[in-house]
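Residue numbers (our numbering), protein chains in the order written: chain A, 11 to 337; chain B, 66 to 391.
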């Protein structure tokens, strides 16, 4: 019933950074929502009501000053699987749980990784621009891409998303290599035909397409730097669907300019978006999408429903299904 | 020996003709003359030519050309499509026709999936926003459609169509297909494909409709007003066959009215489209300029096969890919 609905803080509905109406409605079924702008007009009044902070596309930012104005807060429920934008120990230290939404993002993100790989390899962006260019009079004979079928795909980070990328690339008869902190089971390797590379260097040297699918942690920050890029084939393509900070962007620019790698396709950068004068934006062999790995209605809905599930569990005093527990 | 190499006519190297990277293959087996040079003195050059090595439908096998080539034994075309060739007419002159099926299939299936994914996940729009000098924050409204678990309806389940099914399976897509002949049970099981004897059923059930047929009189305008009206309003049409398989005016109408959601086309009619064609400015249309086989590796394989076919004809050997008039 309405009276039983608890209060949750969100960024906003609509606008450039807010929830689509339909998604906000999912949360409204079980929560009274207050937007950040309204909240900030009178935090002393609104603060004590809020039991859940729902974070969508990293907003609102879970900064100390905001969290301290929410004395009744039980849970920070973030949409998406990455939690690198959250200081989990600090939040837990306030007696507040953190939840993400693993699993539901994986298919969509794997699909997007393959979309970037194929669009880059077969020059779909260039092709479209030529096809619709008012000055085009003939088919371009020299618009040549690189072969995908039976090429070597190296997956860095073989979690849920990395594994689904392997499943998709099997249909293209790609030779699949993977590097991960821990080796997958024999069954998983056989199902995808994936070969474990204990050393990242081996994967980098042998791959035609290197796909980054790791979490961002202290260990994976700058994982792909100057040295790693220099090990890659000059014909190779780097695809990143993890986080911008996993790749040293300055080193990437240098590698692309000097021809030390062939191309890059990035769904993530640091920051997002890049400054408008950033060199990555002007390179011909770079494809960038504005962090759209989960941008389908079906997946966005599934994410919000999981956020809701986590929020409801927290306010009912039940175990939170996707609680992020530190190692 | 060098001097015994037969003569072959090509369109040109560069521009609309062969890329530089394949000329070694041509020159290994033939003395090559390009069309422009041939026309300078067709009476001298004509009688020497035993083969036309045709690329991108050029040089066109018209009567005006063929009548100048009394020694012609073969028109060897690069690519699988033969809709640009009047095979009965050429055969009536005692000249064989060959194509290059098979070697085009992987690259074409890859482009089919590339177009499907790029359209579904709005890759081109995304990129243009990502690099736009005027944007200051990321747009949350750029939403695509889900590919995993969606229904892929393949019209034309030949070599290329089947490879598309194999790729779609990796995305857990539900695969339907329509074909003149039903595939074997084993073939269907291997890719999880369900046959739809009635193409209308495939059109009604599919989220992505993939055209992978040959162009023939039967498949010309195969997809027109009626077929488009049967499709879901959320569906995407992908065409990697030939432009004439789809009624383009009907397609424009369906896209404008929301009868279907989007289209992704590697082929149009003509190619390229006139610069004022409505398809070029519809927001939900992705077009690539017939790049289905555009990798160096696949192009070389096509040229190798084309040359092998021509050599086999001239040597009186078994012809790997003869196209017979039916």
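We put the CB at the ideal spot given by N, CA and C, even for glycine. Model, not experiment: these values are computed from the prediction.
- Task: Can you tell me which of the three DSSP states residue 275 of chain A falls into?
- Result: strand
- Message: So, with DSSP's three-state summary, where would you put residue 304 of chain A?
- Response: Note: residue 304 of chain A maps to coil in three-state DSSP.
- Item | Close-in-space but distant-in-sequence residues of the same chain around residue 379 of chain B (CB under 8 Å, 5 per side omitted) | 71, 115, 116, 138, 139
- Looking at the structure shown, is residue 69 of chain A part of a helix, part of a strand, or coil, going by DSSP? strand
- Query: Taking C-alpha atoms, which residue in A:88, A:105, A:125, A:61 lies nearest to residue 114 of chain A?
  - Reply: A:88
- When the Cα of residue 49 of chain B is compared with those of B:340, B:128, B:252, B:357, which residue comes out closest? With chain B represented from 66 up to 391, any question about residue 49 of chain B goes unanswered, as that position is not in the structure.
- Message: Do residue 100 of chain B and residue 76 of chain B have their beta-carbon atoms positioned less than 7 Å apart in this structure?
- Response: yes
- Compile a chain-ordered list of the residues in the stretch 205 to 220 of chain B whose CB is closer than 8 Å to at least one CB of chain A. Of all residues in the stretch 205 to 220 of chain B, only 205, 206, 207, 208, 209, 210, 211, 212, 213, 214 come within less than 8 Å of chain A when Cβ atoms are compared, listed by chain position.
- the stretch 350 to 379 of chain B: which residues have C-beta closer than 8 Å to a C-beta of chain A, in chain order? 351, 352, 353, 354, 355, 356, 359, 360, 361, 362, 363, 364
- Query: Anyone know if the C-beta pair for residue 119 of chain B and residue 136 of chain B falls short of 7 Å?
  - Reply: no
- Item | Proximal residues to residue 232 of chain A (C-beta, below 8 Å), its chain only, five neighbours per side dropped | 255, 256, 257, 258
- Item | Nearest-angstrom beta carbon gap, residue 145 of chain B and residue 160 of chain B [assumed within contact, 8 Å] | Not quite, the Cβ-Cβ distance comes to about 20 Å (not below 8 Å), so this is no contact.
- Query: Under 7 Å between C-beta atoms, does residue 177 of chain A make it to chain B?
  - Reply: yes
- Any C-beta of chain A sitting closer than 7 Å to the C-beta of residue 223 of chain B? Contact with chain A is absent for residue 223 of chain B, since none of that chain's Cβ atoms lies less than 7 Å from the residue's Cβ.
- Message: Would residue 55 of chain B and residue 178 of chain B be called neighbours here (beta carbons separated by less than 7 Å)?
- Response: With chain B covering only 66 through 391, there is no way to say anything about residue 55 of chain B.
- By the criterion of Cβ-Cβ separation under 7 Å, what are the contact partners of residue 192 of chain B in chain A? 135, 297, 298, 299
- Query: Would the stretch 287 to 298 of chain A and the stretch 145 to 163 of chain A be scored as touching if the rule is three or more Cβ pairs under 8 Å?
  - Reply: no
- Item | Under 7 Å between C-beta atoms of residue 236 of chain B and residue 194 of chain A | no
- Enclosing alpha helix (DSSP H) for residue 98 of chain A [first to last residue]: 98 to 103
- Message: Just to check my reading of the structure: residue 391 of chain B and residue 163 of chain B have Cβ atoms closer than 8 Å, yes? What is that Cβ distance to the nearest angstrom?
- Response: Incorrect: roughly 16 Å between the Cβ atoms, too far for contact.
- Item | Span of the alpha helix (DSSP H), counted from its first residue to its last, around residue 88 of chain A | Careful: residue 88 of chain A lies outside any alpha helix (DSSP H), inside the beta strand (DSSP E) at 85 to 88.
- From the beta carbon of residue 333 of chain A, is the nearest beta carbon of chain B less than 7 Å away? no
- Would you kindly check if the distance between the Cβ of residue 40 of chain A and the Cβ of residue 17 of chain A is under 7 Å? Taking C-beta atoms as the reference points, residue 17 of chain A and residue 40 of chain A fail to come closer than 7 Å.
- Message: Closest to residue 269 of chain B by C-alpha separation, out of B:299, B:91, B:280, B:340, would be which residue?
- Response: When only C-alpha atoms are compared, the closest one is B:299.
- So which residues on chain B does residue 144 of chain A lean against when the C-beta distance must stay under 7 Å? Contact of residue 144 of chain A with chain B by beta-carbon distance below 7 Å involves 340.
- Could you give the distance in angstroms between the alpha-carbon of residue 317 of chain B and the alpha-carbon of residue 266 of chain B? 22 Å
- If you compare alpha carbons, which of A:307, A:59, A:252, A:319 is closest to residue 282 of chain A? A:252
- Query: Would you say residue 263 of chain A reaches chain B, if we count a Cβ-Cβ gap shorter than 7 Å as a contact?
  - Reply: no
- Query: Where do the ends of the beta strand (DSSP E) carrying residue 292 of chain B lie?
  - Reply: First-last for residue 292 of chain B: 290 to 295, but that is the alpha helix (DSSP H), not the beta strand (DSSP E).
- Message: Here's the rule: buried if 16 or more other CB atoms are within 10 angstroms of the residue's CB, otherwise exposed. What is residue 82 of chain A?
- Response: exposed
- Query: Three-state secondary structure (DSSP) at residue 142 of chain B?
  - Reply: strand
- Query: DSSP three-state call for residue 115 of chain B: helix, strand or coil?
  - Reply: strand
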